[in-house]
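Report on the structure given below.
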Amino acid sequence: MARGGEGAIHTLGSGLAKIYRPSVVRDPGRRVELQEKIAALSRIAPLQRDIRFAVPAVPLFGDSACTQWIGFAMRRCPGASLHSLGSLVSLERTFPGWNRLNIARVAAAVVDGVAELQSHGVVVADINPGNFLAHASGRVSCIDCDSYQVALPNRVWLSRVFTPRYTAPEVLDQPFARPRSPAELSFSIGILVFEVLTHGIHPYAVRWGDDPVENLRGGRTFIGGARATGGLPFEQFSRYADLDRAVKYLCVRTFVDGHSCPQARPTLNDWKWALGQHIRSLQ
């Protein structure tokens, strides 16, 4: 069904299986690290019961003696990648009839899912649209769970993957050096929420001749202050301008005040509240 850097996803009955590449399972250090992290995830009962999360359920072995670990089985989560919300054309093709209220509910569902994971010591370190699936009901599922950062009282498994355009500036040059903090997660979620609400506009959109990642590094954003309308076509800027003021306030706190000051960034609960306000304003 899909292939990634370390393995491939296959259909397994009504669920899915992730099978790792031989180079991964033959590396004793990497294999043990993955096995232990996946086993830890599989023991978090609330996540196993929650249909929003494609967490590992049982290990898979390549031999009858169960000595050759090759991956794990997980639930299949229906839906379309959040990439499908990146333009009005793809939105109408994937979810005909959806409006701003539907989109706002999806953004809120993303934050709810990430917050639920965080409450169990699990951090979505690789925030990007491809790791979330939106369902026609408005539910959002979290996938690619073996890439998560997992923290138990006596052990932390760091994530080895990240997507630069959704990563806090202080993490970009040292993504694997330490556990991700709540402020770093909030920054990443802020970017994804912003893109969902504005149909694909990045808060550090190309305006100064650099790509979004370079603008992110330098804190160059069209949000806040006198620069708020500069450079973006009116139709694109209006997508931001039409957001509820509670959401726009958190955008300033995240992408302007919080760019170089992580302590100024909102929490996931702040995002929940602001998106709730936005939803109420659309009803």
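In terms of the working numbering, the sequence shown opens at residue 191 and continues consecutively.
Yeah, the Cβ is synthetic: ideal placement off N, Cα and C, and Gly gets one too.
These figures come from a predicted structure and were not determined experimentally.
Residue i versus residue j - alpha carbon distance
i, j, result
"proline 359", "cysteine 256", "43 Å"
"leucine 206", "aspartate 447", "42 Å"
"threonine 411", "leucine 323", "28 Å"
"glutamine 339", "methionine 264", "18 Å"
"threonine 388", "glutamine 426", "8 Å"
"glycine 390", "leucine 348", "29 Å"
"phenylalanine 384", "phenylalanine 445", "11 Å"
"serine 204", "tyrosine 210", "20 Å"
"cysteine 335", "isoleucine 228", "9 Å"
"valine 222", "valine 346", "14 Å"
"leucine 278", "serine 428", "14 Å"
"glutamine 258", "leucine 224", "13 Å"
"arginine 220", "leucine 406", "32 Å"
Proximity below 7 Å, CB of residue i to CB of residue j
i, j, result
"histidine 468", "valine 437", "yes"
"proline 393", "isoleucine 413", "yes"
"valine 386", "alanine 270", "no"
"lysine 208", "glycine 261", "yes"
"isoleucine 199", "cysteine 267", "no"
"leucine 281", "leucine 275", "yes"
"tryptophan 226", "valine 214", "Looking at the sequence shown, residue 226 is not tryptophan but glutamate. Cβ atoms of glutamate 226 and valine 214: not closer than 7 Å."
"arginine 368", "valine 313", "no"
Reduced DSSP secondary structure (H/G/I, E/B, other) of residue i
i, result
"leucine 237", "helix"
"glutamine 339", "strand"
"serine 271", "strand"
"valine 396", "coil"
"phenylalanine 352", "coil"
"alanine 247", "strand"
"isoleucine 381", "helix"
"phenylalanine 322", "strand"
"threonine 201", "strand"
Nearest-angstrom Cβ-Cβ length linking residue i and residue j, presumed shorter than 8 Å
i, j, result
"valine 301", "leucine 472", "The Cβ separation is near 16 Å, so there is no contact."
"asparagine 289", "glycine 328", "The pair is not a contact, with the Cβ atoms about 12 Å apart (cut-off 8 Å)."
"leucine 475", "proline 354", "The requested residue 475 does not occur in the structure, where the chain is confined to residues 191 to 473."
"glycine 311", "leucine 342", "6 Å"
"glutamate 374", "proline 452", "7 Å"
"alanine 247", "serine 232", "6 Å"
"serine 331", "arginine 242", "5 Å"
6 Å Cβ shell around residue i - same chain, five flanking residues per side excluded
i, result
"valine 351", "Asp316 and Ser337"
Contacting residues, own chain, Cβ-Cβ under 7 Å from residue i (five flanking each side not counted)
i, result
"aspartate 401", "none"
"phenylalanine 366", "Leu348 and Arg350"
"proline 236", "His310"
"leucine 356", "For the record, residue 356 in the displayed sequence is tyrosine; it is not leucine. Cβ within range, chain order: Ile317, Asn318, Ser378, Ile381 and Leu382."
Residues of its chain near residue i, where Cβ-Cβ distance is below 8 Å and the 5 sequence neighbours each way are ignored
i, result
"leucine 440", "Gly380, Pro456, Asp460, Trp461 and Ala464"
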